[in-house]
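Comments concern the structure below.
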Amino acid sequence: CFSRGIAEEWVTEDIAVYNWMEKNLGFDRLQMGGQGGIIANALALLGIKKVITHTNSHPKIQADQFLGLNNLYAIADDGSLQKASGISRTQDIPLIHWIIEFDKGDSFTLDGKTFVCPKSNRFIATYDPLNMNLVMNQGFVSYLENNKTDYLLLSGFHPLLARKNGLELIKNAVPVIKRWKNANPEMIIHLEIASTQDKAIRQAIIEQIAPLADSAGLNERETIDLLEITGQTELALQTEKETNACNLFKAVLFLKEKLNVARIQLHMFGLYLTIQDKRFPYSPKDNLNGMMTAAVVSSSKAYNGELTEYSHISKTLGTAVADVGLNELKALSQMLNKPELLETGLCEVNGYFVSAVPTILVDKPKTLVGMGDTISSVSLLAGR
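Numbering-wise, my numbering puts 1215 at position 23 of the sequence shown, and it's gapless, one number per residue.
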């Protein structure tokens, strides 16, 4: 993780580990965590008319992490929809994850060997009994069954463990998602693939949850993880050895067809890449515009640390894109023999539309937590 600059998240079931982290690690700052909360804050700040976030725990310490915006809602004790920052479910326990962030050039020596971090990233240590048991807020479940919804950004399966009833929990989630879709036939469902340790859970996600989704998002590590459980051992090893746009394109193209989603988006270091087919309601150009918006918003988040004011979201607007992204795009364009991909960011491959955007990189990011979630959600909704 550190020596390769790769994002990882590990889950512990042992409360003793949680207690050790609480005693020995502490924290420099407290901020919004969890995919739902990070995405909700970003989308509400961007002006989405009504953003409803799922919380299975919502004490005051959690409420304080939500922006005090009138378009950002959650479910209160009585099942009503209320402003997320104003809810305090006093019986709920706080859910705190520890994020250890490291910068490019950081180093340490262990047993006489020095390890140097090649690029900024983060490691997340999680003890979260509610999310590890996929506890759903029934008020949220009911709301989606009875109210018009345009988009559902879905995730949270990654902490599950097969030996802890995880497969049954995924199985039980399927009819819930189907009811939401039946109530909202035009709703676009996006599945954000997260770092999932348990291979059986990974398999269940792609076999049972992915078929319900219209769109999927993932990073380099998650791409390789899915290759490993879909019989693509050679491609997984090749991509692990040379984690570049060319190998990742082959991987993501395979996964798009394997998962049968209308749209799949990769957010890799320096480059965003989307493959979509004619089933997806956005034009490739609309999708490209969404990705460019996400490049600015996500890099501004890295620059600021958090997005708490409207002025924060465009902090990096006008900044040059990274050379590493341009080089990756050039190599991919040459491999595909599609010069228009480099020139316009768009091309067609095997009947699919491909969009690619080199990104803005921040040399000393204040945080990288939630970057993938921000990229995926903003790309999707800004492309509308």
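Don't be surprised by glycine CBs; every beta carbon is placed ideally from N, CA and C.
The structure displayed is predicted, hence computed values, not measured ones.
Worksheet item: In chain order, what residues of the same chain have a beta carbon less than 7 Å from the beta carbon of Met1213, not counting five sequence neighbours either side?
Response: Excluding sequence positions up to five before and after Met1213, its CB lies within less than 7 Å of the CB of Trp1290 and Ala1317, all in the same chain and listed in chain order.
Discussion item. I want to know whether the region 1381–1392 touches the region 1347–1354 - three or more CB-CB distances under 8 Å.
Written reply: A contact is defined here as three or more CB-CB pairs under 8 Å, and the region 1381–1392 meets this definition with respect to the region 1347–1354.
Discussion item. Taking the beta carbon of Tyr1502 as the centre, do at least 16 other beta carbons fall within 10 Å, making it buried, or is it exposed?
Written reply: With fewer than 16 other Cβ atoms within 10 Å, it is exposed.
Worksheet item: What is the residue span of the beta strand (DSSP E) that Phe1349 lies within?
Response: No residue range can be given for Phe1349, since it is assigned to no beta strand (DSSP E) and is classified by DSSP as neither H nor E.
Worksheet item: Per DSSP, Asn1211 is paired with what?
Response: Residue pairing by DSSP places Asn1211 in no beta bridge whatsoever.
Practice prompt. Ignoring anything shorter than 3 residues or poking outside the region 1379–1449, list the beta strand (DSSP E) runs there in chain order.
Written response: List check, beta strand (DSSP E) in window: 1380–1384 and 1407–1410.
Discussion item. For Leu1560 and Ala1494, which I take to be in contact (beta-carbon distance under 8 Å), what is that distance rounded to the nearest angstrom?
Written reply: Yes, they are in contact, since the Cβ atoms of Leu1560 and Ala1494 sit about 6 Å apart, within 8 Å.
Practice prompt. State yes or no: is the C-beta of Glu1520 within less than 8 Å of the C-beta of Asn1411?
Written response: No.
Practice prompt. Compare the C-alpha of Gly1482 against each of Asn1263, Tyr1464, Gly1497 and Lys1442 and name the closest.
Written response: Just measuring C-alpha positions, the residue of Asn1263, Tyr1464, Gly1497 and Lys1442 sitting nearest Gly1482 is Tyr1464.
Worksheet entry | As assigned by DSSP and simplified to three states, the class of Val1333 | Residue state, collapsed to three classes: helix.
Discussion item. Tell me which residues share the same chain as Ile1240 and place their Cβ nearer than 7 Å to its Cβ, disregarding the 5 neighbours each side in the sequence.
Written reply: When the five nearest sequence neighbours on each side are left out, the beta carbons in the same chain lying within less than 7 Å of the beta carbon of Ile1240 are those of Asn1263 and Leu1573, in order along the chain.
Practice prompt. Indicate whether the contact test is met: 3 or more Cβ pairs, each with one atom in the region 1361–1368 and one in the region 1395–1407, closer than 8 Å.
Written response: Using a Cβ-Cβ distance cut-off of 8 Å, the region 1361–1368 and the region 1395–1407 are in contact, since at least three pairs of beta carbons, one from each stretch, lie closer than that value.
Worksheet item: Roughly how many whole angstroms lie between the Cα atoms of Val1658 and Pro1550?
Response: Look at the range of the chain in this structure, 1193 to 1576, and you will see that residue 1658 is not part of it.
Practice prompt. State buried or exposed for Gly1225, treating a residue as buried only when at least 16 other CB atoms are found within 10 Å of its CB.
Written response: Counting of Cβ neighbours within 10 angstroms places Gly1225 among the buried residues, the total reaching 16 or more.
Practice prompt. Kindly indicate the opening and closing residues of the beta strand (DSSP E) around Arg1314.
Written response: Counting along the chain, the beta strand (DSSP E) containing Arg1314 begins and ends at Asn1313 to Thr1318.
Discussion item. Restricting to runs no shorter than 4 residues, where is the alpha helix (DSSP H) found entirely within the region 1494–1572?
Written reply: The region 1494–1572 contains these whole alpha helix (DSSP H) runs: 1515–1528 and 1531–1536.
Worksheet entry | In DSSP terms, what Val1308 is bridged to | The bridge partners DSSP lists for Val1308 are Ser1299.
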